[in-house]
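S.K.:
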Amino acid sequence: MLAYIIRRLLLIIPTLLGIMVVNFVIIQAAPGGPVEQAIAQIQGTAVSAVARISGPGGETAQAPAAGATASKYRGARGLDPALVKRLEHQFGFDQPMWKRFLLMMGDYARFDFGQSFFRDQSVVSLVLDKMPVSISLGLWTTLLVYLISIPLGIAKAVRDGARFDVWTSAVIVVSYSIPSFLFAILLIVLFAGGSYFQWFPLRGLVSENWHQLDLLHKITDYLWHMVLPILALVIGGFASLTMLTKNSFLAEISKQYVLTARAKGLSERRVLYNHVFRNGMLIVISGFPGAFIGILFTGALLIEVIFSLDGLGLLGFQATINRDYPVIFGTLFFFTLLGLVTNLIGDLTYVLVDPRIDFAGRET
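Residue numbers for the sequence shown follow numbering that gives the first Met the number 0, so the first one is 0 and each next one is one higher.
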């Protein structure tokens, strides 16, 4: 087992490097890079980037009245070439692409993710600021999805074809067909002062006076704000896991060892939980780390926007729009590394659920 873990950890290095290379080339080739964003800010045509452009001495760069020379950057016509070169130097674009990549990876190897181009914060501080929102959404959603899906999937497998199975399948199909963001809007209209009731807050993770509350009221206020966004995510997330659980248990129930256990006179409950459960839950439980990471970093962008929750999904979206390369590549590196480690943890959970599985004999 130790040798397998070491091999998987070593495999993370080339995998991570390959992912970073591919994304670096694609994003660098996309138009509207940070230099062009800064030029648009100077020209007054920027839409969402908030750039602070300063010269070597710290002075703010201004667009000159006239100095018409051609430039490789869109929108730079009429700007002083010296200003464009200062912008290239400020953002590191005065060096070739391969050198920028090597310098970036060298910094990332030391977990130095640099400063945001368009915010006066380091990438690490930005991520830490947004982390509580995303952890709240990811953790509560994943736990509730599993707490609902596993018992429901087992109950559907045991009652396959019965009225309970048919009616719950209809509910699952409906919930699966409604996008989370659409259900979130419906919840706002119904319960957040949209048209009917105002039982829950519309925005934020906590109330403005949260720091003035005692511990009990802080917890209550936090949970009160989490109800609607978590409910919107759970409704859209439990359907597939429920059907996965049901199908996994159905596949096990039809196997010979289950028939043998029943022939020995064991009760249905004992057959289900002592024999079927361990094998049926392998694929379900092993996917927990990956499901959490998926919801944490990618699954809640629209929910964050709708409920004004400033989390990692919204941070990544804004960084992409603004071409904030340090935030894009820094978060990509960290979360890809975290995802690769999580995949390893997911494989190891197989052993926790069923110790008969032995990775030591696998040639990987």
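Idealized CB from N, CA, C, for every residue including glycine.
#1: Can the beta-carbon of proline 200 be found closer than 8 Å to that of tryptophan 166?
#2: Return the bridge partner residues of glutamine 114 from the DSSP annotation.
#3: Report the option in Leu136, Leu214 and Lys245 whose CA atom is closest to the CA atom of asparagine 278.
#4: Could you give the first and the last residue of the continuous alpha helix (DSSP H) run that contains glycine 192?
#5: Which term fits methionine 96, buried or exposed, when burial requires 16 or more other beta carbons within 10 angstroms of its beta carbon?
#6: Grouping DSSP H, G and I as helix and E and B as strand, with all else coil, what is glutamine 255?
#7: Considering Cα atoms alone, identify which of Leu271, Leu230 and Val233 is closest to arginine 248.
#8: Kindly indicate which three-state DSSP category glutamine 317 falls into: helix, strand or coil?
#9: Alpha helix (DSSP H) containing valine 21: first to last residue?
#10: Would the stretch 178-188 count as touching the stretch 208-221 if we require 3 or more Cβ pairs under 8 Å?
#11: The alpha helix (DSSP H) that contains leucine 101, what's its start and end?
#12: Taking all protein chains shown into account, decide if leucine 186 is buried (16 or more other Cβ within 10 angstroms of its Cβ) or exposed.
#13: Look at the alpha carbon of leucine 102 and the alpha carbon of phenylalanine 112, and state the distance between them as a whole number of angstroms.
#14: Between the C-alpha atoms of tyrosine 107 and aspartate 159, what's the straight-line distance to the nearest angstrom?
#15: Assuming isoleucine 396 is part of the alpha helix (DSSP H), what are its boundary residues?
#16: State yes or no: is the C-beta of phenylalanine 23 within less than 8 Å of the C-beta of phenylalanine 100?
#17: Mind reading off the beta-carbon distance from glycine 144 to phenylalanine 237? Whole number of angstroms is fine, and I expect it under 8 Å.
#18: What separation, rounded to the nearest whole angstrom, lies between the Cα atoms of valine 157 and lysine 263?
#19: Work out the CA separation of phenylalanine 117 and threonine 341 for me, nearest whole Å.
#20: Excluding five sequence neighbours on each side, which residues of the same chain lie with their C-beta closer than 7 Å to the C-beta of alanine 260?
#21: Do the CB positions of valine 283 and isoleucine 149 come within less than 8 Å of each other?
#22: Please identify the residue among Thr141, Val132, Ala37 and Ile11 whose C-alpha is closest to the C-alpha of glycine 203.
#23: Anyone know if the C-beta pair for glycine 310 and alanine 318 falls short of 8 Å?
#24: Between Asp346, Gln120 and Leu313, which lies nearest to leucine 136 when the distance is taken from Cα to Cα?
#25: Alpha carbon to alpha carbon, how far is serine 124 from leucine 151?
#26: Tell me which same chain residues have a C-beta within less than 8 Å of the C-beta of glycine 235, skipping the five on either side of it?
#27: Can you name the residues that DSSP bridges to glutamine 197?
#28: Taking valine 165 as part of the alpha helix (DSSP H), name the residues at either end of that continuous run.
#29: So arginine 202 is in the alpha helix (DSSP H); what residue range does that whole segment cover?
#30: For phenylalanine 332, name the three-state secondary structure that DSSP assigns.
M.R.: Considering the structure as presented:
#1: One thing to note: proline 200 has its Cβ no nearer than 8 Å to the Cβ of tryptophan 166.
#2: When DSSP reads this structure, glutamine 114 sits in a beta bridge with Ser121.
#3: For the options Leu136, Leu214 and Lys245, the alpha carbon positioned closest to that of asparagine 278 is the one of Lys245.
#4: No alpha helix (DSSP H) contains glycine 192, which DSSP labels as neither H nor E.
#5: By the neighbour-count rule (16 or more Cβ atoms within 10 Å), methionine 96 is not buried but exposed.
#6: Helix, per DSSP.
#7: Here residue 248 is phenylalanine; the residue named in the question, arginine, does not match the sequence. The shortest Cα separation from phenylalanine 248 among Leu271, Leu230 and Val233 belongs to Leu271.
#8: In the structure shown, glutamine 317 sits in a helix (DSSP, three-state: H, G or I).
#9: Note, valine 21: alpha helix (DSSP H), 1-28.
#10: With a cut-off of 8 Å, the stretch 208-221 and the stretch 178-188 do not count as touching, because too few Cβ pairs lie within range.
#11: Its alpha helix (DSSP H) spans residues 96-108.
#12: It counts as buried.
#13: The alpha-carbon atoms of leucine 102 and phenylalanine 112 are separated by roughly 11 Å.
#14: Going by the C-alpha atoms only, they are around 51 Å apart.
#15: Nothing about residue 396 can be reported from this structure: the residues present for the chain run from 0 to 363 only.
#16: In contact: phenylalanine 23 and phenylalanine 100 (Cβ atoms closer than 8 Å).
#17: Note that residue 144 is valine in the sequence shown, not glycine. About 5 Å separates the beta carbon of valine 144 from that of phenylalanine 237, a gap short enough to meet the 8 Å contact definition.
#18: Straight-line spacing of the CA atoms in valine 157 and lysine 263 works out to 19 Å.
#19: Each residue's Cα considered, the two are about 31 Å apart.
#20: For alanine 260, same chain residues with a beta-carbon under 7 Å away, outside a window of 5 residues either side, are Val270 and His274 in chain order.
#21: Yes, Cβ-Cβ distance for valine 283 and isoleucine 149 is below 8 Å.
#22: Considering only alpha carbons, the answer is Val132.
#23: Not a contact, by the Cβ cut-off of 8 Å.
#24: When each option's Cα is compared against that of leucine 136, the closest is Leu313.
#25: Here the C-alpha atom of serine 124 lies approximately 41 Å from the C-alpha atom of leucine 151.
#26: If we look at glycine 235 and ignore the five residues flanking it on each side, its Cβ neighbours are Ser174, Tyr175, Ile177, Pro178, Ser179 and Phe182.
#27: Its beta-bridge partners are Ala191.
#28: Valine 165 -> alpha helix (DSSP H) spans 162-176.
#29: Here arginine 202 belongs to no alpha helix (DSSP H), and DSSP marks it neither H nor E.
#30: Residue state, collapsed to three classes: helix.
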